[in-house]
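Colleague: For reference, the structure I am asking about is given below.
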Amino acid sequence: MSFTTTLPSSNSKLFKNATPMSKKHKFKPQFGRNENDRKSSGSGPSHSPAKRPMPPPQAHSTPPRKKARLSNGVASAIQEQRRELPIARGREALIREISANEVTVLIGETGSGKTTQVPQYLLEGGLAQAGMIGITQPRKVAATSLAARVSLEQGTPLGGCVGYAVRFDERAGPETRVKYLTDGMLTRELLGDPLLSRYSVIVVDEAHERTLRTDLLLANLKRILRERNGNGKQKGSPLKVVVMSATMDAEKFSRFFNDAKILYVKGRQHPVKIYHTSQNQTDYVDSAMRTFFQIHVDQPPGDVLIFLPGQEDIESLQKSLEMFSRQLPIDFPTVLIVPMFAALQASQQQDVFKPTPKGSRKCILATNIAETSITIPGVRYVIDTGKSKEKRYLAGPTGSGFDTLLTRDITKSSAMQRAGRAGREGPGFCYRLYTEDAFKQMAAAPEPEILRCSLAQAILQLMCVGQDIQELELMDSPDDDAIISALKNLFIIGAIDDKRRLTPLGLVLASFPLEPAHARAVVASKDLGCTSEILDIVSVLASSSKLFLDVSDKRSEIADGRRKLVHPSGDHLTLLNTVRGYSAVGITDASASAQEGAGKAGRNARREWARQHFVNERTLREAANIRDQLRVSCERAGIDWRVSCGDAEEPVLLALSHGLAQNAALITPDGTYKQTAGQQIVKIHPSSTMADKKVPAIIFDELNAALITPDGTYKQTAGQQIVKIHPSSTMADKKVPAIIFDELVYTNQIYARGVSSIQKSFLASLGAFNTRKA
DNA sequence: TGGGGATTT
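Spelled out as structure tokens, the structure:
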């Protein structure tokens, strides 16, 4: 072919053993033309062959909103589908085993139907008589869409027999027997009902993901089993627990629950042929590009999904692919390149779900978002770079650690999950840009989140229900260092005292669905008269997605669009300007024409405003929900959320500084910033026998050490970090005496993100003891 | 000069 000089040459093909190439590149549908590919697992693991291709319910199927009076035909078709699921053959055995055992570990492959069927089997088997069946999910969309599917299968309206509960959205009532909920939601329920007495069965789904909340839930379930089922002193009705997981870690879950019975359910995934490279690839972006064209030239139709670590690689690969695609002969199928990552505008994210036009091949460049969170239809080929970005919190000795965000090798379970994305609708192919040896050397599964995140919020929540994270029987316990760091953090904001006891302020902070630092800013805003402003800011900080989205090649356009929002003091008041600018668009519109059509006109105007200012509207809508919830929390805590300081900036920055006390830095002569944490000025608490004594050095209850200063106050001793302001900050390259920041992230150096300029004098008023009047 | 992905009475 003429393009072999510009396209990667056929000699450099990474996958020489891949399916035979046709000399003529006519893209006739030739699914499953190579029978060997269907059966053999190649050099890697494969999925079992499917007898009857039928994908499981998709996360994106639209839920029926109302009681559907189903025709008999539809209803019986649904029941027929249920009976054909792989798990259906094991129905009686499952009911029997789960009834007979206190805890069951259920390993089900993708497509087995376990998540939709097990709760129904238990319901039909009479296990929901003393209480509900609760099924937990790590993600909200999964909980809501599964509930919709199962209520359809039960022929009852959503929120009737089958319901769900996720943050901001609940459809469950007195009749509800089967409830799908996020694991965070159930951990929340624990606070008010420590025995989960409303439930007779708890099914913990996707347990292998080992989210922080799943782990806390599992620990509590073990305790509840003892208390509700324990010999002699039962409280309430007995509880059954079913732990559902993908292939990994079955024995570990079983051991945790005293050698619980393990059951296996076959899946129904189409076969995926897996290829490994014969040599390690140094440049995975280039390898991905060459592999894509190898597929595009040699292989039958079907979309290609490429897993990459992050936005930067996606944008770079997109450019290369576009450049080479233009050089393809005219009779070749068009290449449609679609990027997919969380920080992408919602409208652009929709592009991956649009059907691929005839005569073209879609190539999706995605982060981990396509591994679990979304399912993209039409994918037949997966290219797996074997890399992902992983955030990991490094607890610092001063209670102010930082996050690392580094590209790392994925795990085996992640590699399997990625490969499986090629077999959703038919036999598929996965091209791994790493050797089989490299695969074998990968860790089995990701480290549990509880070992990788800040523990401040979790510890505070546990303290409120009288639990000690070091006493709690967890599957994996965090290091003492991480715990001590979190305790220091809680101490600095006044949530606990120097004896590790919860303070009245700590109890208030825990009542907010926020990180303790953000909750502290809300509480501080009461006396400073700026609660309205702090809620606007904190609700954005607590949102799951970023407010400002940047695509690298539109940088100056974006800067122009946002110019009016930028506040000279930095990122926090810029956020505030943005929230207020956006809200004002809605209010103006709604009051202008309160009659019909106003809602729609307002929505359109807000969307346009967000577009013009290059602001993520999804974040602003989520933030508005969070803000409503925080207003309720404020009312309970006796804080008037309407109180505003108008245009005054000082109270707002001071309130934020109370929460971010350990996230402050001072400028140094060479223009860099040095973190102040570890240099807090502290006063000795009046109740201490050391009060008013002047000694050279003090230690307070393993939480910290401090040295005396010439003015008689004490200064903490622990280390200080040199930090750089992140280039995305409005404060980048600005030199001011003092800053506070939302977080430190180490990528290629330690960056402060979410930065505001503050008066240096603020810091003196933030001593740990000064803040604890509650 | 640079942003994996979830989630909370």
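Take 1 as the starting number for the first sequence in UniProt numbering and just add one per residue. Glycine is no exception: its CB is placed at the ideal position from the N, C-alpha and C atoms. As the structure is a prediction and not an experimental result, all values here were calculated from the model.
#1: Where do the N-terminal and C-terminal ends of the beta strand (DSSP E) with His276 fall, by residue?
#2: Can you tell me where the alpha helix (DSSP H) with Thr619 in it begins and where it stops?
#3: What's the call for Ser532, buried or exposed, on a 16-neighbour Cβ count within 10 Å?
#4: Measure the alpha-carbon distance for Asp628 versus Arg198 and round it to whole angstroms.
#5: Any idea which residues DSSP pairs Ser757 with across the strands?
#6: I'd like the span of the alpha helix (DSSP H) that includes Ala143, first residue to last.
#7: So, using beta-carbon positions, are Val352 and Val335 closer together than 7 Å?
#8: Quick check on the DSSP output: the alpha helix (DSSP H) that includes Ser532 runs from which residue to which?
#9: So the candidates are Phe548, Phe307 and Ile107; which of them puts its Cα closest to the Cα of Phe253?
#10: If contacts are defined as beta-carbon pairs under 8 Å, then Pro448 and Asp215 qualify, I think. What distance do you get, rounded to the angstrom?
#11: I need the DSSP call for Glu371, collapsed to helix, strand or coil.
#12: Once you ignore the five residues that flank Ser316 on each side, which residues in its own chain have a CB closer than 8 Å to its CB?
#13: Three Cβ pairs or more, each shorter than 8 Å: is that satisfied between the stretch 93-102 and the stretch 115-125?
#14: Could you give the residue range of the beta strand (DSSP E) that holds Gly428?
#15: Can you give the Cα-Cα distance for Arg226 and Ala637, rounded to whole angstroms?
#16: Just to confirm, are Arg171 and Gly163 a CB contact at a threshold of 7 Å?
#17: Out of curiosity, what's the CA-to-CA distance linking Tyr180 and Val272?
#18: With DSSP run on the structure shown, which of helix, strand or coil describes Glu206?
#19: My output table needs one value for Gly602: the three-state DSSP class, helix, strand or coil.
#20: When you compare the CB positions of Ala142 and Ser400, do they come within less than 7 Å of one another, or not?
#21: Count the other CB atoms within 10 Å of the CB of Leu406; is the residue buried (16 or more) or exposed (fewer)?
#22: Inspect the CB distances between the stretch 655-669 and the stretch 550-559 and report whether three or more fall short of 8 Å.
#23: Would you mind sorting Lys240 into buried or exposed? The rule is 16 or more other CB atoms within 10 Å of its CB.
#24: What I want to know is whether the C-beta of Ser657 ends up closer than 6 Å to one or more non-hydrogen atoms of the ligand FMN.
#25: Assuming Leu507 and Arg520 make a contact with CB atoms under 8 Å, what is their CB distance in whole Å?
#26: Going by beta carbon distance, what residues of the same chain come within less than 8 Å of Leu433, once the five residues before and after it are set aside?
#27: Which stretch, first to last residue, makes up the alpha helix (DSSP H) that contains Met340?
#28: Can you tell me whether Ala346 is buried or exposed? The criterion is at least 16 other CB atoms within 10 Å of its CB, across all chains shown.
#29: Just verifying my parser: in three-state terms, what is the DSSP assignment at Ala250?
#30: Taking the C-alpha atoms as reference points, what is the distance between Arg361 and Ala219?
#31: What is the rounded straight-line gap between the Cα of Gln279 and the Cα of Ala444?
#32: Would you identify the three-state DSSP class for Thr668, choosing helix, strand or coil?
#33: Assign Pro157 to one of two classes, buried (16 or more other C-beta atoms within 10 Å of its C-beta) or exposed (fewer than that).
#34: Quick one: any contact between the stretch 573-582 and the stretch 534-551, if contact means 3 or more CB pairs under 8 Å?
#35: Give me, in chain order, the residues of the same chain whose beta-carbon lies closer than 7 Å to that of Gly642; leave out the 5 immediate sequence neighbours on both sides.
#36: Verify whether the separation of the beta carbon atoms of Leu344 and Ile306 is less than 7 Å.
Modeller: The structure says:
#1: Val272 to His276
#2: Glu617 to Arg636
#3: buried
#4: 28 Å
#5: Ile739
#6: Lys140 to Gln154
#7: no
#8: Thr531 to Leu541
#9: Ile107
#10: 6 Å
#11: coil
#12: Val285
#13: yes
#14: Gly428 to Arg432
#15: 34 Å
#16: yes
#17: 31 Å
#18: coil
#19: helix
#20: no
#21: exposed
#22: no
#23: buried
#24: The ligand FMN is absent from the structure shown, which contains no ligands of any kind.
#25: Their Cβ separation, rounded to whole angstroms, is 13 Å, which puts Leu507 and Arg520 out of contact at 8 Å.
#26: Leu14, Thr277, Gln281, Tyr284, Ser287, Ala288, Thr291, Ile383, Asp384, Thr385 and Gly386
#27: Not the alpha helix (DSSP H): Met340 falls in the beta strand (DSSP E), residues Thr334 to Met340.
#28: exposed
#29: helix
#30: 47 Å
#31: 22 Å
#32: coil
#33: buried
#34: yes
#35: Here the sequence assigns Arg to residue 642, which means Gly is not the residue at that position. These residues qualify, in order along the chain: Ser532.
#36: no
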